[in-house]
Every structure is written in structure tokens, then in C-alpha cells.
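A short write-up of the structure that comes next.
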Amino acid sequence: MAEGRVVGIDLGTTNSLVAYMENDTPVVIPGADGSNLVPSVVALDPIPAPIPAGDGRPTVTVGNSARKALIQTPERVIYSVKRLMGRSLEEVQSELKLFPFHLAADPKAGPPDPNEVPRIQLGELRFTAPEISAYILRQLKRNAERFFSAPVTQAVITVPAYFNDAQRQATKDAGRMAGLEVLRLVNEPTAAALAYGLDRGKEGTIAVYDLGGGTFDISILKLREGIFEVQSTNGDTHLGGDDIDNLLMAIALNEIHAEHGVDLRLHPGAVQAVRKAAIEAKILLSTEMMARFDIELPNGDRYQREIPREVFELLIEPVLARTAGPCKQALADAGIIPEQIDEVVLVGGSTRIPAVRLLVDELFHLRPRGKKPHIELNPDEVVALGAAVQADILSGASKSTEEMLLLDVTPLSLGIEALGGTVARIIQRNSTVPASATEHFTTGVDGQTNVAIHVVQGERELAADCRSLARFDLKGIPPMSAGLPRIEVKFLIDADGILHVTAREQRSGLAAQIEVKPTYGLTDQQVESMILDSFDNAEADFAKRLLIEARNEAETILAAVERAPRSPAWAQLTSDEQTAITLASDYLKKAEQSENPAAIREATLILDHATRRFAELMMDAAVSSALRGKTMDSAGEELDEAVTAPHAMAPAEFK
Amino acid sequence: MLKVLDSAVPIACWSCSIGHNDFTLFCPHCSKIQPPPGCDYFSVFGMEPRLSLDLPALEAEFHRLSRKLHPDRFARALENEKQWSLADTALLNDAYRTLKDPLRRTEYLLKLEGAEIGEEHSGKNRVDPSRVPADLLEEVFELNMQLEEMRAARKMGEEDLELQASLTQAKQKFQGLLEIVDKDLRAEWTAWDDGGQAARPAAQNKMVALLDRRRYLSNLLRDVNETLGD
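Chains as they are written, first to last, in this note's numbering: chain Z, 11 to 665; chain V, 49 to 278.
Shown next as C-alpha cells:
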């Protein structure tokens with residue numbers, strides 16, 4: 011194919027995945043470690059790391075290896091950055107109370123500009139949320155390139171259906187920084203429907219209930235002859251599995267404080283270890299009736315507690331209940347009753363919780379109608395698989411998807427601030443995109459040459475209660491008597507759900523100059539300056555880069571294996587396990603001498619596999635040492651003590 | 049407002065240079081996508097302006113055109129084709145959204161015919177006392193008093209069952225009136241569609257008045273529902 015493959019990417023709060031269409035079937039592309047899921051965790055490498063020749067950008071580690079740094083150097087690691095995408099300083103500040111991360115403060119600059127994109131301090135550097143996401147996207151891009159042994163430059167990226175304009179734009183910016191042309195942003199529940207709808211013949215009305223790590227979406231679609239027409243969508247971009255983790259963590263931290271007099275909140279590494287225990291308990295409670303906390307404390311005490319499923323369900327009931335309102339609203343907006351829903355599809359790791367399934371059953375009256383929700387596809391992978399289907403549709407090259415077409419909607423109404431601060435709605439929510447609206451404006455004073463317009467997104471009556479999208483000036487209006495100019499402004503929401511504005515003065519025929527300044531967001535120049543590895547895609551360099559990357563990966567793991575016998579965990583391995591590691595490492599050393607990146611990668615994978623149990627043992631050791639406070643020298647990293655739940659961030663699932 | 053342009057003037061296709069009719073979304077000669085035509089929403093679907101529509105046929109045509117026009121079909125096309133696909137699909141979606149809904153369709157057609165229609169912006173659609181339909185003056189006055197009383201009682205945390213019953217009764221009455229308006233509107237649709245040119249101006253005037261009345265009634269009902277809390 012001349013233009014290369016288009017991949018589908020699920021850029022998740024907790025995990026990210028990249029997938030493509032292999033003949034007629036969407037398939038997830040595994041990373042170098044053989045795992046399909048790349049945890050959405052980015053760690054800034056330690057300062058002495060060799061800075062590669064070139065632009066001198068900081069080097070980072072993404073995914074599973076970054077998770078290890080989370081416990082050892084929490085101040086250099088960020089996760090769940092999706093929660094910060096496209097959000098203003100004000101919004102981020104309230105969120106950060108629940109975060110282990112800090113906003114970068116510039117001592118020289120005085121008070122921060124509320125319209126600047128917030129930056130997060132990571133070690134000695136500061137990053138915007140799209141830059142962090144770009145690192146994750148670049149990792150996925152590299153995984154795909156490694157898999158195809160060919161450059162990948164175009165992608166479809168999924169976003170929560172309820173993402174607003176700024177959050178969507180931030181996601182697109184991240185793609186550009188990572189060297190990806192984002193051909194389309196697809197809503198996550200819609201992508202899931204595409205993955206399920208691949209076997210044609212499926213007709214009728216379906217609801218997709220998507221409860222992920224950090225966001226909740228509900229979408230109602232009508233399927234007919236390959237057309238997936240979204241009828242309505244609703245959701246909450248701050249509701250997910252991490253809210254459940256927080257509740258469990260709050261219990262543990264409060265009880266540890268009360269019963270053992272230890273305030274773990276002062277130790278970010280220890281908090282991460284408790285979070286790991288909370289996530290494990292949550293996962294266990296989906297299959298068992300009982301889970302246990304058993305945590306060794308810095309003073310040598312043990313914190314032990316049983317959590318019966320009943321208690322867990324009572325605890326999370328308020329979180330789950332928050333998904334009911336959006337479901338009812340989506341049904342009302344689609345103009346249907348639960349009985350008219352033919353199928354329900356469950357998406358997102360949190361839908362594994364039995365109480366969630368019960369709630370969905372009640373919301374859509376499934377059991378009385380002899381129906382069950384669809385869970386056939388892995389809820390962690392289904393969105394990425396759907397993104398791959400959409401990528402295939404866009405490349406227009408395949409028989410299996412040529413009859414398929416996705417008609418999605420805008421989740422939020424678009425409006426203009428009118429007199430008195432009220433909102434005049436110009437595009438209603440749930441309008442099929444692309445959608446447009448034309449409005450006319452005039453002047454209020456004789457000779458006035460510009461008119462200010464404030465565009466907002468949301469359902470509230472007052473502009474102040476909606477999300478401000480953009481303020482702009484229609485400039486260069488020819489001076490006329492008040493009320494005489496007639497300026498036509500066209501608002502267009504494109505297929506990605508992003509707004510475009512154009513204006514024209516009709517009486518003079520002059521195109522009014524308008525400068526659409528997003529209220530929050532990066533300028534084009536800023537995005538340009540943040541592009542990672544501009545030479546990433548040069549064809550000539552590509553083969554060389556693959557080889558260098560393969561050798562780097564090999565070097566990293568070989569160095570770790572070299573140090574292994576000095577670790578106490580080594581002694582815990584059986585002699586068979588030790589021999590296997592030595593053999594695999596000798597094999598890799600030989601393979602590394604070759605010029606064949608595929609052979610090096612395969613040998614790396616074998617060694618990685620052989621050392622898996624060793625890595626787990628090391629991880630456990632790191633966790634317990636963090637709990638004993640031995641590796642913590644970061645007293646300055648104290649969390650806000652006023653907060654009871656340590657932070658509402660999504661799990662970076664430990665294994 | 050989109051306006052019907054003179055279709056007798058041909059424009060040249062950007063791709064094959066052969067002149068074609070202004071209304072078309074695709075060149076009849078080379079089938080390439082064209083810039084958005086300056087046509088009304090009915091013409092997008094190749095229909096004469098009408099108020100009674102065959103909705104399943106409208107949907108089928110919407111799907112057929114979507115398959116050809118949607119930006120997903122132009123992801124790897126020329127830059128100008130991408131832009132036109134976006135603009136054409138926006139036009140198609142706006143047209144479908146307007147025509148499939150009976151009230152939006154009626155308002156749209158009346159505007160097309162030059163009638164002045166009240167604004168539908170949610171920011172402006174609170175009940176305007178100057179537009180109370182004359183025959184409802186007394187009842188609306190009474191209802192507004194009761195709504196005030198109810199809100200005051202709510203604020204005090206009191207439950208006035210008698211007032212609630214009376215409001216519920218008023219609600220049913222206004223709902224009934226709304227249904228009558230809808231029935232009258234449908235009758236005027238037929239008059240406009242089938243009555244010929246001569247019958248149209250009278251039908252239009254009646255529909256404008258009915259739409260005003262309907263807007264007033266539905267705003268009133270919304271206020272009652274909000275106050276009753278359901």
C-alpha cells in the first residue's frame with residue numbers, strides 16, 4: 011500500500027492500545043514485552059541518562075517499565091494524564107488536590123495566566139498534558155512500526171464520547187506531536203459498536219455502556235445495512251474505576267492512621283503501594299465473595315482487613331448510581347424506552363464488576379426480556395479493535411468494511427453568549443456531525459468596527475455555567491450606522507467534533523478578519539514546537555532506527571540481567587529458572603551482533619519471558635520497601651492533607 | 049438562510065470542466081463531488097417543498113447520500129474534495145435534522161416562503177407576557193399565580209396538595225390544547241401541500257399563528273413541569 015497502514019489507537023486513562031485490521035479481523039498489536047496493553051504511564055528517565063544526539067529532548071520511559079518507577083521515583087512519573095487533557099488551569103487545580111502531581115510554578119512569571127495551558131512539574135522539567143500523551147502515542151506508533159517493519163504515520167484515535175471541543179483538540183495536538191496524522195477522532199462507545207457490528211446482519215438499536223478507568227459514556231445507536239447512526243450520547247468525563255479505587259484507599263489509609271498511628275499520606279511511594287493493594291482487592295471482588303488487605307507498615311505492624319463483597323457493593327453504590335442519570339437522559343434524547351433497546355454492549359474494565367452488570371440489567375430491563383449484555387469481546391480491547399475498523403473504513407481499501415459508515419453526533423450543545431449572559435443555542439446536542447449553523451451579527455454603536463463573540467459548549471442556561479470554547483473579535487467591519495452591518499458567521503462542527511468558525515460582512519462583501527482564540531488550548535506554533543523527533547519518519551533513517559531501538563531494548567534488559575544475581579530476589583528463583591535466564595541472555599547477546607532487528611527483538615522477547623517471575627519478585631520487594639519508607643526521601647512531596655481520598659487517579663494496574 | 053438560486057445558470061465542474069446544474073452535489077458527467085450547492089434543504093433530497101413527508105423514504109435517501117458524501121469516504125482524497133465533503137455533509141445533516149422533525153420542517157418551510165417566525169433560541173424562549181394568545185389570557189394569569197404560590201411553598205419546604213392537584217389539572221388541560229394545535233397544524237399541511245398556489249398564503253398565515261401558539265403552550269407546560277418537579 012502506497013500510503014502505509016492506518017492504525018487504530020485507544021488512548022486510555024489507564025491503558026493504551028494500538029490495533030490494525032488483519033484481513034477481515036481487527037487485531038491488537040503487542041508491545042516489545044509481548045503485552046497488548048501499554049499502561050498510560052510516563053516516567054522521566056534519571057538525569058544521568060545519555061541524552062541522544064539531536065534535539066536534546068528529555069528521554070522518557072512509557073508503559074510497564076514506567077510503572078516500576080512509580081513506586082521508586084513517584085515525583086518523576088505521571089499517569090492518568092487523560093484527566094488533564096484540554097482542561098483549564100482552574101479545572102486542573104481542583105483536580106490536582108487528588109493527584110500526586112504538581113502544577114509547574116514559574117517563580118519569575120508571577121501569577122499564572124488562566125488561559126495558559128497548565129504544565130505539570132516532572133522532576134526538573136515541565137510538560138503540558140498533550141506532550142505527555144504524545145509520549146504514549148509515540149510508544150504505540152513505535153510498537154506498530156516494529157510490528158510492520160514499516161513507518162506508520164496515520165491513525166484513528168478514540169476519545170470519550172462526552173469529550174468537549176478543547177479535550178478533542180488536545181488529543182489531536184498530541185497526535186501531531188507524536189508524528190501522527192490523526193485522520194479521525196472516534197468516540198469510544200461508537201468504536202466499540204463498530205467492533206461488535208463487524209459481523210454484518212446485525213440490525214436494530216443498541217446501547218453501549220462504557221465505564222472505564224476515568225470516564226463514563228453511554229451511546230445509543232441504530233444499526234441498519236452497515237450504517238451505524240448514533241441517536242444520542244451522554245456521560246461524565248470524570249467517573250470511572252479510579253473513583254472506586256479511591257474509596258477503598260481512603261478506607262485503608264484512614265484505618266491505618268486511626269489504628270496504627272501511621273499517616274501513609276506523607277509518603278507518595280507508600281500511597282502507591284496501598285493503591286496497588288486496593289486495585290487488587292477490587293479486581294478480586296469481581297470473582298470472589300471476599301478480599302483482604304494485608305499490608306506491612308513502616309513501624310513493623312500489619313494492617314489486615316477483610317472486605318466482603320457486600321460491603322464493597324454498598325461502598326461503590328453511589329459511584330455506580332451516577333451512571334444511571336446519563337443513561338436515562340440518553341434514552342429520552344433518542345426518544346425511546348428501555349424496551350426498544352435490542353442489545354447492550356459493555357465496554358471498559360469496570361464493567362467486569364458484577365454490581366455494574368446488575369445495574370445495567372435494571373436500567374435496560376434486560377432480564378425480564380430474556381436478554382444479556384454483550385461481553386464477548388475483551389472490554390479492555392474492544393475500543394482499540396473498533397478504532398482499527400474505523401481506520402480500515404478510512405483507508406477505503408477493504409471489502410470487509412466498504413459498506414460500513416459511522417454517523418456520530420456532537421455530545422454537547424453549542425451556543426453563543428447573548429445579552430445578559432444567557433446562552434443562545436445554535437447547534438443542539440446529539441446533532442449528527444458534521445453540523446453547521448449560520449448566525450448574523452450587527453453593531454450596536456455608530457462606526458463600530460468590531461464585534462466580540464463568545465462561543466460556549468454545554469446544556470446550562472447561563473454562559474458562565476457552560477464550558478467556554480472561544481472568544482473572538484470580528485474585526486475590520488466597515489464603519490456604518492449602528493445595526494446596519496450584517497456579519498454572517500458560520501459555525502461548523504466537523505466529523506471529529508471540533509468547531510471551525512468563518513465570518514463575512516454581507517453588505518460590503520468583505521470577509522471580516524477573525525481570530526478565533528481558543529479560551530484554553532495550545533496555539534499552532536506551540537504545537538509545532540512540541541513535535542517529538544521530527545526526523546522520526548524519514549524513510550532512509552527508518553531501518554537504522556529500528557535496529558538502534560532493537561539494540562537499545564536488548565541492552566536495557568541485558569544490563570538488568572547482569573545485575574540480577576546481586577538482588578535478593580535472585581535467590582528466590584529455582585535453579586531451572588536461573589539457567590533459563592542465563593541461556594536466554596547468551597542467546598540475546600549473539601542475536602544482538604546481527605543486523606536483523608526482528609531477530610534481536612525475538613531474542614529480547616524470549617529473555618523478557620524468562621525473567622518475568624524475577625521481575626515480579628523485584629516488584630514486590632520494591633513495594634514492601636516503599637511501605638517501610640526505606641526508599642522515600644521525598645518529604646517535599648507531601649500530599650494535600652485536607653483531602654481524605656489520596657488521589658482520584660486511575661490505576662496503573664500492577665501485576 | 050439558504051436561498052434558491054437561479055438554476056438555469058450552469059457552472060463548470062472543477063474536475064471535468066463540463067457545465068452542470070447548480071443544485072447537484074456530484075458532477076453528472078464525472079461523478080466527482082462538488083462544492084455545496086446554494087439550494088434549499090428539500091432540494092438536497094431532490095424533493096419539492098412539502099409538509100407531509102414520507103419519513104422512511106427520507107431516511108433511506110439520507111443514508112444513500114451519506115454513504116457517498118461523508119468525510120470518511122474522502123480521508124485520502126484531494127484537499128479541496130475533503131473540504132467539500134465536509135461542507136456538503138454538514139448541509140445534508142442540517143437538512144435531514146430539519147426535515148425529519150415536523151415542527152422544524154414547518155418553521156423552515158415558512159421561513160423559506162418569507163414568513164417571520166419567532167426565535168427558537170433557548171436563551172430567549174421564556175414565556176413572553178406580551179404574546180399570550182387572547183383566548184387564554186385569563187387562564188394563563190390564573191396559572192402563573194398558582195406557579196408563583198407553588199414555588200414559594202416549595203421554598204418554605206411546604207407541601208400544598210390542593211395546589212398540586214390544581215396544577216396537574218391545568219397541565220392536562222394545556223396538554224390537550226397542544227394536541228389540538230398539532231392536529232390543526234397537520235390540517236394546514238394538507239391545505240398547503242395539496243391546495244395549490246392560491247390556497248398557500250392563507251395556510252401559511254394560519255401556520256405562523258399556530259406555531260406561535262404552540263411555542264407559547266409548550267413553554268408554559270415546561271414551566272409547569274419544572275415547578276411540579278417531573
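C-beta: ideal position from N, C-alpha, C; glycine also.
Next item on the list: Please state if the CB of Leu415 of chain Z and the CB of Ile237 of chain Z are separated by a distance shorter than 7 Å.
Entry: Result yes, Cβ atoms of Ile237 of chain Z and Leu415 of chain Z sit closer than 7 Å.
Item checked: Start-to-end residues for the beta strand (DSSP E) that takes in Leu424 of chain Z -> It spans 424-427 - the beta strand (DSSP E) in which Leu424 of chain Z sits, taken as one unbroken run.
Margin query: Using C-beta distances below 8 Å, list every residue in its chain close to Leu269 of chain V, excluding the 5 sequence neighbours before and after it, in chain order.
Written below: The beta carbon of Leu269 of chain V sits closer than 8 Å to those of Lys219, Phe222, Gln223, Leu226, all from its chain and outside the five residues before and after it, given in chain order.
Next item on the list: Kindly indicate which three-state DSSP category Val127 of chain Z falls into: helix, strand or coil?
Entry: Of the three classes helix, strand and coil, the one that applies to Val127 of chain Z here is coil, per DSSP.
Notebook entry, point to check: Taking the C-alpha atoms as reference points, what is the distance between Tyr172 of chain Z and Asp227 of chain Z?
Noted result: Distance between the alpha carbons of Tyr172 of chain Z and Asp227 of chain Z: 7 Å.
Note to self: Only counting the same chain, and skipping five residues up and downstream in sequence, which positions put a Cβ closer than 7 Å to that of Leu150 of chain Z?
What the structure shows: Excluding residues within five positions, the ones whose Cβ falls inside 7 Å are Ile19, Ser26, Val28, Val48.
Notebook entry, point to check: By how many angstroms is the C-alpha of Ala434 of chain Z removed from the C-alpha of Ala125 of chain V?
Noted result: Distance between the alpha carbons of Ala125 of chain V and Ala434 of chain Z is about 36 Å.
Check: Within the present structure, is the beta-carbon of Glu141 of chain Z separated from the nearest heavy atom of the ligand COA by less than 6 Å?
Finding: Here there are no bound small molecules, and the ligand COA is not part of this structure.
Next item on the list: Identify, in the order they occur along the chain, each residue of the same chain with its Cβ nearer than 8 Å to the Cβ of Leu295 of chain Z, setting aside the five sequence neighbours on each side.
Entry: Answer for Leu295 of chain Z: Ala301, Ile317, Arg319, Phe322, Ile363, listed in chain order.
Check: Where do the ends of the beta strand (DSSP E) carrying Asn197 of chain Z lie?
Finding: Annotation for Asn197 of chain Z: the continuous beta strand (DSSP E) segment containing it runs 191-197.
Checklist line | Own chain residues within Cβ distance below 7 Å of Asp352 of chain Z, not counting five before or after | finding: Within the same chain, Asp352 of chain Z has close Cβ partners Gly214, Thr215, Ile216.
Next item on the list: Would you mind sorting Ala251 of chain V into buried or exposed? The rule is 16 or more other CB atoms within 10 Å of its CB.
Entry: Ala251 of chain V is buried by the Cβ-count criterion.
Next item on the list: Could you list the residues in the segment 100-134 of chain V with a C-beta less than 8 Å from some C-beta on chain Z, going in chain order?
Entry: Of all residues in the segment 100-134 of chain V, His111, Ser114, Arg115, His118, Pro119, Asp120, Arg121, Ala123, Arg124, Leu134 have a Cβ within less than 8 Å of some Cβ in chain Z.
Item checked: Anticipated Cβ contact below 8 Å, Val70 of chain Z with Ala42 of chain Z, distance rounded -> That belief does not hold up - the Cβ atoms of Val70 of chain Z and Ala42 of chain Z are roughly 15 Å apart, past 8 Å.
Next item on the list: Taking 8 Å as the threshold, find out whether the segment 575-591 of chain Z comes into contact with the segment 535-542 of chain Z through three or more Cβ pairs.
Entry: Short answer: they don't touch.
Next item on the list: Kindly say whether Ala138 of chain V, judged by its beta-carbon, lies nearer than 7 Å to any beta-carbon of chain Z.
Entry: Yes, Ala138 of chain V counts as interfacial toward chain Z.
Next item on the list: Compare the beta carbon distance of Arg285 of chain Z and Phe303 of chain Z with 7 Å and say whether it is the shorter of the two.
Entry: No, these two residues do not count as a Cβ contact at 7 Å.
Margin query: Once the 5 residues before and after Arg377 of chain Z are set aside, which same chain residues still bring their CB inside 8 Å of it?
Written below: The answer, listed in chain order, is Asp371.
Margin query: According to DSSP, simplified to helix, strand and coil, what is Met300 of chain Z?
Written below: In the displayed model, Met300 of chain Z falls within a strand according to three-state DSSP.
Check: From what residue to what residue does the beta strand (DSSP E) around Tyr219 of chain Z run?
Finding: Taken as a continuous stretch (DSSP letters only), the beta strand (DSSP E) holding Tyr219 of chain Z covers 214-221.
Notebook entry, point to check: Which of the three DSSP states, helix, strand or coil, is assigned to Ala239 of chain V?
Noted result: In this structure, DSSP gives Ala239 of chain V a helical state, which the three-state scheme calls helix.
Check: Which residues in the same chain as Pro36 of chain Z place their Cβ atom closer than 6 Å to its Cβ, once the five residues preceding and following it in sequence are excluded?
Finding: If we look at Pro36 of chain Z and ignore the five residues flanking it on each side, its Cβ neighbours are Ala29, Leu395, Ala398, Val399.
Item checked: Closest residue to Glu269 of chain Z among Z:Glu349, Z:Arg77, Z:Asp311, Z:Gly380 (Cα-Cα distance) -> Out of Z:Glu349, Z:Arg77, Z:Asp311, Z:Gly380, Z:Asp311 has the C-alpha closest to the C-alpha of Glu269 of chain Z.
Margin query: For the pair the segment 487-494 of chain Z and the segment 451-458 of chain Z, tell me if three or more CB-CB distances fall below 8 Å.
Written below: Under the Cβ criterion (8 Å, minimum of three pairs), the segment 487-494 of chain Z counts as touching the segment 451-458 of chain Z.
Item checked: Sequence-distant residues of the same chain with beta carbon closer than 6 Å to Pro383 of chain Z, five excluded per side -> Around Pro383 of chain Z: Val354, Leu356, Val370.
Check: Skipping 5 residues on each side, what residues in its chain have a beta carbon closer than 6 Å to that of Met628 of chain Z?
Finding: Contacts found: Ala579.
Note to self: When you compare the CB of Ile237 of chain Z with every CB in chain V, is at least one pair closer than 7 Å?
What the structure shows: At least one chain V Cβ lies under 7 Å of Ile237 of chain Z.
Next item on the list: Mind checking who Asp246 of chain Z pairs with in its DSSP beta bridge?
Entry: DSSP, once it has assigned bridges, lists Z:Phe226 as partnering Asp246 of chain Z.
Next item on the list: Consider the Cβ of Leu556 of chain Z: report whether some Cβ of chain V lies at a distance smaller than 7 Å.
Entry: It does not; no Cβ of chain V falls within 7 Å.
Check: Grouping DSSP H, G and I as helix and E and B as strand, with all else coil, what is Phe624 of chain Z?
Finding: Under the three-state reduction of DSSP, Phe624 of chain Z is assigned to helix.
Check: At which residues does the alpha helix (DSSP H) containing Tyr144 of chain V begin and terminate?
Finding: Start and end: 127-148.
Check: Between which two residues does the alpha helix (DSSP H) carrying Ser677 of chain Z extend?
Finding: Since the displayed chain Z opens at 11 and closes at 665, residue 677 of chain Z lies outside it and no answer follows.
Item checked: Cross-chain neighbours of Thr420 of chain Z in chain V, by beta carbon under 8 Å -> Taking a Cβ-Cβ cut-off of 8 Å, Thr420 of chain Z has no neighbours in chain V, whose nearest Cβ is about 10 Å from it.
Notebook entry, point to check: Any beta-carbon of chain C closer than 7 Å to the one on Asn141 of chain V?
Noted result: Among the protein chains of the structure shown, namely Z and V, there is no chain C.
Check: Hey, is Ala660 of chain Z's beta-carbon within less than 7 Å of any beta-carbon in chain V?
Finding: Legend: pLDDT at Ala660 of chain Z = 33, less than 50; position of this residue unreliable, value from coordinates given subsequently. By this cut-off, Ala660 of chain Z is not an interface position.
Checklist line | Ile230 of chain Z to Ile81 of chain V span [Cα, whole Å] | finding: For Ile230 of chain Z and Ile81 of chain V, the gap between their C-alpha atoms comes out near 31 Å.
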